[in-house]
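> The following block contains the structure, expressed as structure tokens.
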Amino acid sequence: MRIVFCLVIFFIAQLKSVAQNNAVYMFAYFNNNGKDGLHLAYSKDGYTWTALNHDSSVLKPMVANDKLMRDPCIIKGEDGLFHMVWTVSWNDKGIGYANSSDLIHWSEQQFIPVMKGEDSARNCWAPEITYDKKKKYYMIYWATTIAGKYKMDSVVESGYNHRLYYVTTKDFKTFSKTKLLYDKGFNVIDATIVPDGKKYIMFLKDETRIPPQKNIKMATSKKLNKKFSSPSALITGNYWAEGPTTVKIGNTWVVYFDKYRDHKYGAVQSTDLKNWTDVSDKISLPKGIRHGSIFVVSEEELEKFNEYYK
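Heads up: the sequence shown begins at 1 in the numbering used here, then just goes up one per residue.
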């Protein structure tokens with residue numbers, strides 16, 4: 001019996017190894033102002049990225065007055081579909097949504113009016129999706145300024161003073177009531193949340209203008225939709241950073257972000273989520289890449305995509 005048990009463990013480990021070796025990292029992003037739509041790049045090692053489709057858009061934005069596709073976030077769902085949300089406008093009360101089975105053919109694009117219940121809501125920026133395996137629902141979250149709702153920093157750009165909000169859904173057709181996700185008394189945008197064992201890690205941008213922060217920090221919670229901690233010390237350096245997205249390569253966390261004033265991307269990495277090393281000189285990304293998200297596909301899915309767009 002013991003021999004059989006050991007063999008089972010061995011084969012499970014082998015299957016996991018094969019699955020990891022078959023994984024390809026994908027980066028969904030936009031260029032310029034987001035008018036031309038969704039761009040994709042891939043990487044085998046998580047550090048060197050190659051643009052797909054000659055760095056041309058693979059999906060044009062069709063919803064909202066501004067018809068933008070900024071800050072795309074893609075997650076592969078439990079249903080096997082790729083679900084994507086994005087910023088449709090600088091000033092709108094909703095976000096964009098579409099899904100695809102292969103990243104080639106996409107569903108009709110939808111406008112989800114997540115902040116329609118707030119008359120003073122000014123925007124919905126950088127939506128993302130995280131799946132709760134225990135509760136079996138997806139949480140969509142984003143940053144919104146509600147005019148006059150929160151105490152302002154001494155100076156905020158154009159009156160924006162964001163907090164994070166969320167809805168949940170099981171089918172992307174019906175959604176829960178919009179609720180507050182994160183308010184620690186400061187201007188916050190660009191959150192991305194990933195599971196880590198029994199807890200969730202939120203990487204976020206501290207948008208405080210004076211004294212200037214404009215950096216990436218962390219918060220943690222045992223629940224996906226509440227009780228996130230106060231932010232950690234900054235994990236980025238002496239530059240302005242936004243749009244974090246993360247991938248775990250083996251035991252190493254790599255967090256990518258847009259050094260938007262420097263017009264280039266940066267990255268930091270850590271094995272313990274406490275001590276961070278700048279690895280910006282070790283990464284290579286397509287020229288002009290802007291705020292996006294990293295997800296995983298199989299070799300077969302990448303091959304099918306390349307065959308279609310060759």
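For glycine and all other residues, C-beta sits at the position ideal for the given N, C-alpha and C.
May I ask which residues mark the beginning and end of the beta strand (DSSP E) holding residue 257?
One-based indexing of the sequence shown puts residue 257 at position 257. Per DSSP, residue 257 belongs to the beta strand (DSSP E) from 252 to 259.
> Let me check one thing: in DSSP terms, what residues is residue 96 bridge-paired to?
Position 96 of the sequence shown holds residue 96. 86, 111.
> I believe residue 217 touches residue 232 by the beta-carbon criterion, under 8 Å. Please report the beta-carbon distance rounded to the nearest angstrom.
In the sequence shown, the residue the question calls residue 217 occupies position 217. In the sequence shown, the residue the question calls residue 232 occupies position 232. About 5 Å separates the two Cβ atoms, so the contact holds.
> If you measure between the beta carbons of residue 102 and residue 86, is that distance less than 8 Å?
Along the sequence shown, one-based indexing puts residue 102 at 102. Along the sequence shown, one-based indexing puts residue 86 at 86. It is not a contact, given that the beta carbons lie outside the stated cut-off.
> Grab me the residues of residue 47's own chain with a C-beta within less than 6 Å of its C-beta, minus the 5 sequence neighbours each way, in chain order.
For the purposes of this step, residue 47 is taken as the residue at position 47 of the sequence shown. Excluding residues within five positions, the ones whose Cβ falls inside 6 Å are 282, 283.
> Which of the three DSSP states is assigned to residue 242 in this structure?
In the sequence shown, the residue the question calls residue 242 occupies position 242. Residue 242: strand per DSSP, three-state reduction.
> Which same chain residues, not among the five before or five after residue 111, have their C-beta less than 7 Å away from its C-beta?
Taking the first residue of the sequence shown as 1, we reach residue 111 at position 111. Excluding sequence neighbours, residue 111 sits near 63, 64, 88, 94, 96.
> Looking at the structure shown, is residue 36 part of a helix, part of a strand, or coil, going by DSSP?
Residue numbering aside, residue 36 sits at position 36 when the sequence shown is read from its first letter. Looking at residue 36 - three-state DSSP - the assignment turns out to be coil, as it is neither helix nor strand.
> Three-state secondary structure (DSSP) at residue 119?
For the purposes of this step, residue 119 is taken as residue 119 along the sequence shown, with counting starting at 1. Of the three classes helix, strand and coil, the one that applies to residue 119 here is coil, per DSSP.
> Where residue 8 and residue 22 are concerned, what is the direct C-alpha to C-alpha distance, given to the nearest angstrom?
Position 8 of the sequence shown, counted from the first residue, corresponds to residue 8. Position 22 of the sequence shown, counted from the first residue, corresponds to residue 22. The predicted model places residue 8 with a pLDDT of 38, which falls under 50 and marks its position as unreliable; any figure quoted below should be read in that light. Taking the straight line joining both Cα atoms gives about 21 Å.
> Any idea what DSSP makes of residue 215, helix, strand or coil?
For the purposes of this step, residue 215 is identified with residue 215 of the sequence shown, where counting begins at 1. Three-state result, residue 215: strand.
> Using the rule of at least 16 other Cβ atoms within 10 Å of the residue's Cβ for burial, across every protein chain shown, is residue 263 buried or exposed?
In the sequence shown, counting from the first residue as 1, residue 263 sits at position 263. With fewer than 16 other Cβ atoms within 10 Å, it is exposed.
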